[in-house]
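Colleague: My questions will all concern the structure given below.
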Amino acid sequence: MPKFPHYRQFDVMDCGATCLRMICKYYGKNINIDTIRKLSQTHGAGVNLLGISEAAEKLGFRTQGVRLSVTQLEEITLPCILHWRQSHFVILYKVKKQIYYLADPAIGLRELSYEELISDWFSFKELNNGISLLIEPSPDFFEDDIEGNSQKNKGLQWHVLLQYFSQYKSLIIQLFFGLIIGTLLQLIPPFLTQSIVDTGINTKNIGFVYLILFAQLMLFVGQTGVTFIRSWILLHISTRINIAVVTDMLIKLMKLPMSFFELKTHGDIMQRMYDQQRIETFLTGSSLNTLFSLINLTVFSIILIYYNTAIFFTFFISTIIYTGWILLFMKRRRDLDQKRFNISSDNQTVTTELIQSIQEIKLTNSEKQKRWIWEAIQARLFKFKVKSLALSQYQQAGGLAINQLKGIFITFLSAESVIEGNLTFGGMLAIQYIVGMISSPIEQLLVFIQQYQDAKISLERINEIYQQEDEEPDDRNWITKLPKDGSIILKDITFTYYGAGNEPALYDINLLIPEGKTTAIVGMSGSGKTTILKLIMRFYTPERGEISIGKTKLDQISYKTWRENCGIVMQEGFIFADTIENNIAVGEERPDTNKIEHAIKMANLEEFIAEQPFGLKTKIGVAGKGISQGQKQRLLIARAVYKNPKFIFFDEATNALDAKNERIIIDNLNKFFIGRTVIVVAHRLSTVSQADNIIVMDKGRIVEQGRHDELIDQRGEYYQLIKNQLELGN
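FYI, the UniProt record's numbering numbers position 519 of the sequence shown as 519, with every residue one higher than the one before it.
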């Protein structure tokens with residue numbers, strides 16, 4: 001292994017950025033330290049692991065922050081970054097015989113024993129693990145310019161996919177050596193077979209036959225060993241690459257704007273995951289195996305020419321005819337594959353919906369109707385399978401006919417050569433063995449061509465995802481600090497939901513939501529309340545107009561920065577299949593106990609948690625305990641409170657609560673809201689009556705606004721909306 005590149009940190013706070021610079025150099029890129037400082041947002045106190053991770057991903061790496069034991073360090077891909085002495089970062093680049101090789105930006109290259117490693121790496125000795133950042137290059141790393149800005153929207157190309165193999169050069173070299181040894185071993189059996197017949201049998205020398213048979217046994221042992229080793233290496237490479245390919249697709253999906261997922265069904269996205277698997281299979285299975293087979297094909301073809309030129313040309317011409325027959329069906333296969341994608345996507349969507357909505361289906365007695373919809377898709381799927389099978393049978397029938405005729409003709413030519421004395425009987429058996437050895441690579445090559453077509457079709461579909469603009473492109477200078485003035489200003493906002501012929505959901509909205517105040521938005525269903533909230537939360541981009549935070553345009557602020565400062569409770573909020581604690585402190589590895597307790601108190605969850613068998617550690621969601629809608633809303637409120645945000649957005653956040661719980665939570669929240677900018681979308685009077693300003697919406701327009709008492713006195717739209725709750729009559 002070449003010496004690991006080392007740079008010294010310029011300042012105390014530069015250790016994280018310098019570690020990342022060394023890893024870039026290790027993978028062949030020289031990145032300026034100033035660039036990495038900017039990407040990791042290094043400040044006077046240095047940088048945290050999250051900052052290093054975000055900088056690495058902008059440079060084209062895949063990262064994962066984990067806690068590892070010392071044993072696990074021998075199983076991961078190196079180099080990785082270790083959190084050292086709770087205030088420093090170093091690189092672990094090699095482990096050998098319990099010696100741990102570090103690149104320390106403050107000291108240099110070091111070799112540590114087991115005891116020395118754990119004394120500085122383990123943050124908490126009782127946990128027996130340490131914090132690490134796993135880091136591997138993705139194809140983007142090799143495509144990016146020196147500033148780490150990706151080539152945008154070009155999608156995946158084959159040369160990019162092949163770069164997944166770049167970090168496994170040593171293993172691939174070992175594979176080629178194994179291939180050469182295996183090929184050499186496979187060259188010997190036809191000659192041994194010929195010797196048994198022509199020498200051992202013809203001369204009646206049983207000792208010679210024993211010797212040849214023993215040699216064949218040794219060859220078998222050698223071939224088996226080489227095959228086993230090659231299989232293990234292939235498994236290691238393919239598994240790593242498969243994980244990397246899927247991870248990169250998930251990273252890309254996570255970067256897409258929310259509007260993308262509004263336009264795609266579950267089936268569409270799941271089928272693209274299947275497309276990703278087809279590309280993985282092609283890259284790590286078909287490609288490598290076919291490459292090995294082609295070498296065998298070349299070598300054995302040369303040997304066949306040596307034995308009999310006429311037989312070689314017979315094999316060669318029949319192979320061309322066979323290949324042409326298979327290629328004749330390629331266009332039809334492409335058309336069928338597109339139909340398969342569409343039908344499978346519908347099937348995935350309907351099946352998922354069927355399972356998720358089983359309760360509603362039973363309550364509405366619509367079992368038969370929903371089952372018929374599913375059966376109709378199965379009928380389409382069956383018709384597709386019939387057409388696909390018919391095409392496959394045509395291919396197979398023609399291919400078998402060509403191969404049978406080829407075999408018969410080669411046998412005839414071999415027998416004729418033996419009769420005429422141009423070939424020995426042993427030579428004839430050797431030719432049959434060789435023909436069998438080169439027929440298999442031809443079959444694999446044709447399967448490779450078909451799988452290449454499948455992978456190419458899949459790549460075209462996946463590129464619809466990769467060519468999408470990221471929600472937060474790296475080439476823009478995003479503002480990562482919110483302005484001092486936290487007022488939200490909507491100016492001339494018009495918005496229409498995607499779809500031909502749709503009417504605008506909002507018309508020329510002008511609205512000021514003052515900093516530190518609570519603003520309520522009310523109106524009939526479909527009046528545009530939630531749409532305003534979603535535009536502010538940046539689910540969508542306004543068709544016309546602009547939204548500002550103080551004097552800063554919202555579309556100039558980093559999405560991550562904005563969302564870090566927002567606590568959000570949506571009507572369709574999601575509860576993860578995890579513990580209560582992790583559902584409140586989403587995304588945090590070590591939740592803050594004090595903040596958890598405060599959030600639980602604000603959402604009035606003490607009694608609910610006390611009833612659970614494992615308290616905060618009780619699993620809920622799909623994989624655990626089922627919860628009611630009211631309990632779900634209280635958990636979502638606790639999640640929003642836990643963030644301690646500057647901005648709070650509630651969309652019907654208490655509509656599933658009983659009156660008692662609602663009163664307690666509203667009282668708690670009114671105290672929590674002090675000094676924060678709050679937007680509440682609601683119908684209930686108890687939720688909106690204390691607001692500093694109430695916005696009344698109707699058909700996408702603001703028709704009234706003011707305080708509760710003022711709007712009641714006006715006896716306008718607001719009064720009509722809530723008069724039943726006021727019990728004031730007409």
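Ideal Cβ placement from N, Cα and C applies to all residues, glycine included.
Drop a sphere of 10 angstroms on the beta-carbon of residue 84, count the other beta-carbons inside from all chains shown, and report buried for 16 or more, exposed for fewer.
Modeller: Along the sequence shown, read from residue 1 onward, the residue named residue 84 stands at position 84. Buried.
Colleague: Using alpha carbons as the reference points, say which of 82, 86, 87 lies closest to residue 101.
Modeller: Within the sequence shown, residue 101 is the residue found at index 101, counting from 1. Considering only alpha carbons, the answer is 82.
Colleague: Just checking residue 458 against the ligand PLP - is the residue's beta carbon closer than 7 Å to any of the ligand's heavy atoms?
Modeller: Judged by which ligands are present, the structure shown has none, so any question about the ligand PLP falls away.
Colleague: Are at least three pairs of beta-carbons, each pair with one atom in the segment 465-474 and one in the segment 250-267, less than 8 Å apart?
Modeller: Contact between the segment 465-474 and the segment 250-267 is present, because at least three Cβ pairs lie under 8 Å.
Colleague: Looking at residue 697: is its Cβ nearer than 8 Å to the Cβ of residue 521?
Modeller: Position 697 of the sequence shown, counted from the start, is the residue given in the question as residue 697. Position 521 of the sequence shown, counted from the start, is the residue given in the question as residue 521. Yes, the Cβ-Cβ distance between residue 697 and residue 521 is below 8 Å.
Colleague: Buried or exposed for residue 140, going by 16 or more other Cβ atoms inside 10 Å?
Modeller: Against the sequence shown, residue 140 aligns to sequence position 140. The residue is buried, with at least 16 neighbouring Cβ atoms inside 10 Å.
Colleague: When you compare the CB positions of residue 517 and residue 677, do they come within less than 8 Å of one another, or not?
Modeller: Residue 517 sits at position 517 when you count from the first residue of the sequence shown. Residue 677 sits at position 677 when you count from the first residue of the sequence shown. Yes, the Cβ-Cβ distance between residue 517 and residue 677 is below 8 Å.
Colleague: Starting from residue 258, trace the alpha helix (DSSP H) in both directions and tell me its first and last residue.
Modeller: The residue labelled residue 258 in the question sits at position 258 within the sequence shown. Taken as a continuous stretch (DSSP letters only), the alpha helix (DSSP H) holding residue 258 covers 258-262.
Colleague: Thinking residue 679 and residue 479 are a contact (beta carbons under 8 Å), I'd like their distance in whole angstroms, please.
Modeller: Numbered from 1 along the sequence shown, position 679 holds the residue referred to as residue 679. Numbered from 1 along the sequence shown, position 479 holds the residue referred to as residue 479. Actually they are not in contact, since the Cβ atoms of residue 679 and residue 479 sit about 21 Å apart, beyond 8 Å.
Colleague: Cα-Cα, which of 120, 248, 296, 259 is closest to residue 273?
Modeller: As a first step, residue 273 is located in the sequence shown; it is residue number 273 there, counting from the start. Of 120, 248, 296, 259, the residue nearest in Cα terms is 248.
Colleague: If you draw a straight line from the alpha carbon of residue 598 to that of residue 567, how long is it in whole angstroms?
Modeller: If you number the sequence shown from 1, residue 598 lands on position 598. If you number the sequence shown from 1, residue 567 lands on position 567. Approximately 15 Å, taken between the alpha carbons.
Colleague: So the alpha helix (DSSP H) residue 563 belongs to, where does it begin and stop?
Modeller: To locate residue 563, count along the sequence shown from 1; it is residue 563. Residue 563 -> alpha helix (DSSP H) spans 559-564.
Colleague: So does the segment 539-547 actually touch the segment 488-504, counting three or more Cβ pairs closer than 8 Å?
Modeller: Touching, yes, given that three or more Cβ pairs across the two stretches are closer than 8 Å.
Colleague: Give the single residue among 109, 90, 164, 583 whose Cα lies nearest to the Cα of residue 573.
Modeller: Here the question's residue 573 lines up with position 573 in the sequence shown. Looking at the Cα atoms, 583 is the closest of the given residues.
Colleague: Is the CB-CB distance between residue 532 and residue 482 below 8 Å?
Modeller: Within the sequence shown, numbered from 1, the residue matching residue 532 stands at position 532. Within the sequence shown, numbered from 1, the residue matching residue 482 stands at position 482. Against a cut-off of 8 Å, the Cβ pair of residue 482 and residue 532 comes out as no contact.
Colleague: Report the three-state DSSP secondary structure of residue 380 (helix, strand or coil).
Modeller: One-based indexing of the sequence shown puts residue 380 at position 380. If DSSP states are grouped into helix, strand and coil, residue 380 belongs with the helices.
Colleague: If you draw a straight line from the C-alpha of residue 188 to the C-alpha of residue 431, how long is it?
Modeller: Sequence index remark: in the sequence shown, residue 188 carries index 188 (1-based). Sequence index remark: in the sequence shown, residue 431 carries index 431 (1-based). Between residue 188 and residue 431, the C-alpha separation is close to 13 Å.
Colleague: Given that a residue counts as buried once 16 or more other Cβ atoms are within 10 Å of its Cβ, and exposed if not, what is residue 731?
Modeller: One cannot answer for residue 731 here, as it falls past the ends of the chain, which runs 1 to 730.
Colleague: Quick check for students: name the residue ranges of the alpha helix (DSSP H) that lie wholly in the UniProt domain "Peptidase C39" (9-128), counting only runs of 4 or more.
Modeller: Runs found: 15-26, 33-40, 49-58, 114-121.
Colleague: List in chain order: all unbroken beta strand (DSSP E) runs of 3+ residues lying wholly within the segment 359-435.
Modeller: Counting whole runs of 3 or more residues, the segment 359-435 contains no beta strand (DSSP E) stretch at all.
Colleague: Within the same chain, show all residues whose beta-carbon is closer than 7 Å to that of residue 311, passing over the 5 residues directly before and after it, in chain order.
Modeller: Along the sequence shown, one-based indexing puts residue 311 at 311. Around residue 311: 304, 410, 413, 414, 431.
Colleague: Counting Cβ pairs closer than 8 Å, one from the segment 18-27 and one from the segment 114-124, do we hit at least three?
Modeller: At 8 Å Cβ cutoff, the stretches do not touch.
Colleague: For residue 571 versus residue 692, is the C-beta distance shorter than 8 Å?
Modeller: Mapped onto the sequence shown, residue 571 falls at position 571. Mapped onto the sequence shown, residue 692 falls at position 692. Cβ atoms of residue 571 and residue 692: not closer than 8 Å.
Colleague: Could you tell me which of 294, 519, 52 sits nearest to residue 682, measuring between CA atoms?
Modeller: Locating residue 682 in the sequence shown gives position 682, counting from the first residue. Of the listed residues, the one whose Cα sits closest to residue 682 is 519.
Colleague: Between which two residues does the alpha helix (DSSP H) carrying residue 345 extend?
Modeller: For this step, residue 345 is matched to residue 345 along the sequence shown. First-last of the alpha helix (DSSP H) with residue 345: 330-356.
Colleague: Since I believe residue 170 is in contact with residue 62 (beta carbons under 8 Å), could you give me their beta-carbon distance rounded to a whole number of angstroms?
Modeller: Position 62 of the sequence shown holds residue 62. Position 170 of the sequence shown holds residue 170. Not a contact, Cβ separation roughly 20 Å.
Colleague: So the candidates are 275, 50, 694; which of them puts its Cα closest to the Cα of residue 512?
Modeller: Working through the sequence shown from its first residue, we reach residue 512 at position 512. With distances taken between Cα atoms, residue 512 lies closest to 694.
Colleague: Where does residue 498 fall in DSSP's three states?
Modeller: Residue 498 sits at position 498 when you count from the first residue of the sequence shown. Note: residue 498 maps to coil in three-state DSSP.
Colleague: Rounded to a whole number of angstroms, what is the C-alpha to C-alpha distance between residue 451 and residue 282?
Modeller: For the purposes of this step, residue 451 is identified with residue 451 of the sequence shown, where counting begins at 1. For the purposes of this step, residue 282 is identified with residue 282 of the sequence shown, where counting begins at 1. Using only the alpha carbons, I get a separation of about 6 Å.
Colleague: Thinking just about the alpha-carbon of each residue, which of 276, 662, 564 is nearest to the one in residue 743?
Modeller: Past the edges of the chain, shown from 1 to 730, lies residue 743, and the structure says nothing about it.
Colleague: Check whether the segment 226-239 and the segment 309-324 touch, using three or more Cβ-Cβ pairs below 8 Å as the test.
Modeller: Cβ pair count under 8 Å is below three, so no.
Colleague: Residue 244: buried (16+ other C-beta within 10 angstroms of its C-beta) or exposed?
Modeller: The residue given as residue 244 occupies position 244 in the sequence shown. By the neighbour-count rule (16 or more Cβ atoms within 10 Å), residue 244 is buried.
Colleague: Can you give me the start and stop residues for the alpha helix (DSSP H) that residue 199 sits inside?
Modeller: Here residue 199 corresponds to residue number 199 of the sequence shown, with the count starting at 1. Residue 199 -> no alpha helix (DSSP H), and no H or E assigned at all.
Colleague: For residue 627, which three-state DSSP category applies?
Modeller: The sequence position of residue 627 within the sequence shown is 627, counting from 1. Coil.
Colleague: Take residue 630 as the anchor and find which of 603, 67, 525 has the nearest alpha-carbon.
Modeller: Taking the first residue of the sequence shown as 1, we reach residue 630 at position 630. The option with the nearest alpha carbon to residue 630 is 603.
Colleague: Have a look at 527, 5, 555 and flag the residue whose alpha-carbon is nearest the alpha-carbon of residue 699.
Modeller: Start at 1 with the first residue of the sequence shown, and residue 699 comes out as number 699. The shortest Cα separation from residue 699 among 527, 5, 555 belongs to 527.
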